[in-house]
Every structure is written in C-alpha cells, then in structure tokens.
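Trainee:
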Amino acid sequence: MIEPNRKIETIAPVAITGTGPYKIDFGKNFSGWIEVTMTNGSSGQTVTFQMSDKSDLDMQYNMTGKYIFDGSGAGTYCNRFSLWSGRYLTISGLGYQPSASDVTAYSIGNDLTRGGHFDCSNELLNQIYDTTIWNYRVLTGGGQTVDCPHRERLGYGGDAHTSLELALNNFEMGAFFTKWARDWRDVQMASGDIEHTAPTKIGGGGPAWGGFAITMPYEVYFNLRRQTDIKRELPDHEGFR
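Numbering (our numbering), first residue to last: 113 to 353.
Written as structure tokens, this is what we have:
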C-alpha cells in the first residue's frame, strides 16, 4: 500500500512584516497547509489569505482563502481542502499584526521512508544535496511527483523521469512506484499509445513522458530486484508505440 499523505514538517515563520496587509515569510518554499489563529475580530469581519513564492507578489495561481468571523471574535483558518505552495503568506483584513506563535505552516506529502543519505566535507555540496531532497519532498504527494505543485495536479511522466534516480537512491519507493505503474497501465490506449500523464489523461509532453511507464518498472527492478513489478507490466510494455 502506498504511503499516505501526512504532515512531513512543521514550519514556523522567520519574519512577519507590514502594517496591514501583513507578509509572513516561512523561510523556504513548501507545499501544504497554513494555519492562522486569530482573535479580536468583529462579527462579519473578513480576513483574506494569499500565498506566493515571490516576495513582491501577494498571490499566485489563485491560492487564496477567506475567513469570516462569527460573534465570538476568535477563530482559526486552515486551507485543509487544498494544497498551497510557496514561501510568503499575505494576510489582509486582520486588525493587528499576528505573532509568530499565531501562524504555522505544514508541509504535506507522501510519508516516504529515507533509504539513503549523503554527506561529505564540502558544505556547499551538502547544502545542494539537502535542498534537492527537500525539493523532491515538496513536489511529491498523492502518489505522484510534479514540477510545480502550486499550479499542477497531474502526474507528468517527464517530471517523474528527471527525479527517478534521486527517488530510488534516497527513499524506500517500492510501494510508491508499484502504485504509479498501475496508473500508467490504466491510461494506456488500446493502440498501445501511453498518455503523457497518469492517473489523469490530459496534458502534453513527448516520448519521455509516456515512456516513463516503460523505464520506471525497469529502474525499480534494477534498484530493488523486484521481479513481480516488471513481469506484471511486460505485456503492456510490448504493445507500447
């Protein structure tokens, strides 16, 4: 069974600026939820939340939500029914600057187990490696890997191709790729053609996109020595064109 989506990291603000609207800087990009606890509101007062990965933009890709106070004057907002991606949260309509303890972010993604690590005497290389691992975690959720989670919800084969080696060398990916291989089999046409995305069937690309359905089971076998996956996929691979 594939690992479920979970909170993989809790992120606190590193800076809160502005006199209204207020800009919350979480220090790094993430994909997931923001949670803001508020007080001193009046009934009907509306607070707007907007997310961006650029400090000079309040919002990108319609990542926005609103909270309307009831008569209690207190409440908590969290975008639990969607995933936002970025670094900066802009809060408008709140009558005071929130404190760092009022604002929390949660990075959401597949709860993958680490299977490999890298460390060396060169701190720059260590930083590049750590950033790459974090980037992969942010881009991987719901059983697929994307390249821009704030605007993309499709499992593009090209994106998965570029990160396949990294994934297999650093995480326990057997269940994840077994499930995704089945998704690719499901979108294969009777003609043998394979779509550019799975499990959805829209989006563009080239041979490397649909071709991921062929190369991925082999790479999983090569790394994990699991014959069952490649044997299961072989009949469909033979019809690929």
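Glycine residues also receive a C-beta, built at the ideal position from the N, C-alpha and C atoms.
Quantities reported herein were computed from a predicted structural model and do not represent experimental measurements.
#1: Assign L278 to one of three DSSP states: helix, strand, or coil.
#2: Check the DSSP bridge columns for N222 and list the partner residues they point to.
#3: Looking at the secondary structure, which residues open and close the beta strand (DSSP E) in which E147 lies?
#4: Given this structure, state the Cα-to-Cα distance separating Y237 from G185, to the nearest angstrom.
#5: For D356, collect the residues of the same chain with a Cβ closer than 8 angstroms to its Cβ; drop the 5 residues on either side in sequence, then sort them by chain order.
#6: What are the start and end residues of the alpha helix (DSSP H) that includes Q239?
#7: Give the secondary structure of R263 by DSSP, where H, G and I count as helix, E and B as strand, and everything else as coil.
#8: By Cβ distance, which residues of its chain are closer than 6 angstroms to M285, with the 5 residues on each side in sequence left out?
#9: Please work out which residues of its chain come closer than 7 angstroms, Cβ to Cβ, to F283, disregarding the five sequence neighbours upstream and downstream, and give them in chain order.
#10: Can you name the start and end residues of the alpha helix (DSSP H) that T160 belongs to?
#11: Mind the definition here: the segment 148-157 touches the segment 175-195 only if three or more C-beta pairs lie below 8 angstroms; say whether that holds.
#12: Grouping DSSP H, G and I as helix and E and B as strand, with all else coil, what is Y208?
#13: Which same chain residues, not among the five before or five after I428, have their C-beta less than 6 angstroms away from its C-beta?
#14: For A320 and P329, I'd like the C-alpha separation in whole angstroms.
#15: One question on the structure: do F193 and K178 come within less than 9 angstroms of each other, judged by their Cβ atoms?
#16: How would you call D271, buried or exposed, if buried means at least 16 neighbouring beta carbons within 10 angstroms?
#17: Quick one: measure Cβ to Cβ for G269 and G323, integer angstroms, because I've assumed they're closer than 8 angstroms.
#18: To which residues of the same chain is T151 closer than 6 angstroms at the C-beta, ignoring the five residues directly before and after it?
#19: Of the residues N281, M175, I146, which one's Cα is nearest the Cα of H262?
#20: Round the Cβ separation of V250 and F142 to the nearest angstrom and send it over; I've been treating them as touching at under 8 angstroms.
#21: Considering I180, what are the terminal residues of the beta strand (DSSP E) in which it resides?
#22: Under 8 angstroms by Cβ, that's how I've got A287 and M113 pegged, so tell me the actual separation to the nearest angstrom.
#23: In the DSSP output, which residue or residues are listed as bridge partners for W296?
#24: Cutting at 7 angstroms between CB atoms, please list the residues of its own chain near Y241, excluding the five before and the five after it.
Mentor: Let me spell this out:
#1: Here residue 278 refers to the residue found at position 166 of the sequence shown. If DSSP states are grouped into helix, strand and coil, L278 belongs with the helices.
#2: Counted from its first residue, the sequence shown places residue 222 at position 110. The partner list for N222 (beta bridge, DSSP) reads N117.
#3: As a first step, residue 147 is located in the sequence shown; it is residue number 35 there, counting from the start. Counting along the chain, the beta strand (DSSP E) containing E147 begins and ends at 134-150.
#4: Residue numbering aside, residue 237 sits at position 125 when the sequence shown is read from its first letter. Residue numbering aside, residue 185 sits at position 73 when the sequence shown is read from its first letter. One detail in the question is off: residue 237 reads as Leu in this sequence, not Tyr. C-alpha separation (whole angstroms): 49 angstroms.
#5: Any question about residue 356 goes unanswered here, given that the chain covers just 113 to 353.
#6: The residue you call residue 239 lines up with position 127 of the sequence shown. Q239 -> alpha helix (DSSP H) spans 235-251.
#7: As a first step, residue 263 must be located in the sequence shown, where it is residue number 151. In the structure shown, R263 sits in coil (DSSP, three-state: anything other than H, G, I, E or B).
#8: Counting from 1 along the sequence shown, the entry for residue 285 is found at position 173. Correct list, in chain order: A279.
#9: Position 171 of the sequence shown, counted from the start, is the residue given in the question as residue 283. Excluding positions up to five away in sequence, the list reads L224, T225, R226, G227.
#10: Start at 1 with the first residue of the sequence shown, and residue 160 comes out as number 48. T160 -> not in any alpha helix (DSSP H); beta strand (DSSP E) instead, spanning 158-164.
#11: yes
#12: The sequence position of residue 208 within the sequence shown is 96, counting from 1. Y208 falls in the coil class under three-state DSSP.
#13: In the structure as shown, the chain starts at 113 and stops at 353, and residue 428 therefore has no counterpart that could be examined.
#14: Walking along the sequence shown from the start, residue 320 turns up at place 208. Walking along the sequence shown from the start, residue 329 turns up at place 217. About 14 angstroms.
#15: The residue given as residue 193 occupies position 81 in the sequence shown. The residue given as residue 178 occupies position 66 in the sequence shown. Cβ atoms of F193 and K178: not closer than 9 angstroms.
#16: Taking the first residue of the sequence shown as 1, we reach residue 271 at position 159. When all chains shown are included, D271 counts as buried.
#17: Taking the first residue of the sequence shown as position 1, residue 269 is located at position 157. Taking the first residue of the sequence shown as position 1, residue 323 is located at position 211. Yes, G269 and G323 are in contact; Cβ-Cβ is about 7 angstroms, under 8 angstroms.
#18: By one-based count along the sequence shown, residue 151 stands at place 39. Correct list, in chain order: A186.
#19: As a working mapping, residue 262 is identified with position 150 in the sequence shown. The option with the nearest alpha carbon to H262 is M175.
#20: By 1-based counting over the sequence shown, the position of residue 250 is 138. By 1-based counting over the sequence shown, the position of residue 142 is 30. Their Cβ separation, rounded to whole angstroms, is 6 angstroms, which keeps V250 and F142 in contact under 8 angstroms.
#21: Numbered from its first residue, the sequence shown carries residue 180 at position 68. That run of the beta strand (DSSP E) goes 176-180.
#22: Within the sequence shown, the letter at position 175 stands for residue 287. Within the sequence shown, the letter at position 1 stands for residue 113. Indeed, because the Cβ distance is near 6 angstroms, the residues count as touching under 8 angstroms.
#23: Locating residue 296 in the sequence shown gives position 184, counting from the first residue. Bridge partners of W296: none, in fact.
#24: Here residue 241 refers to the residue found at position 129 when the sequence shown is read from its first residue. Contacts found: F230.
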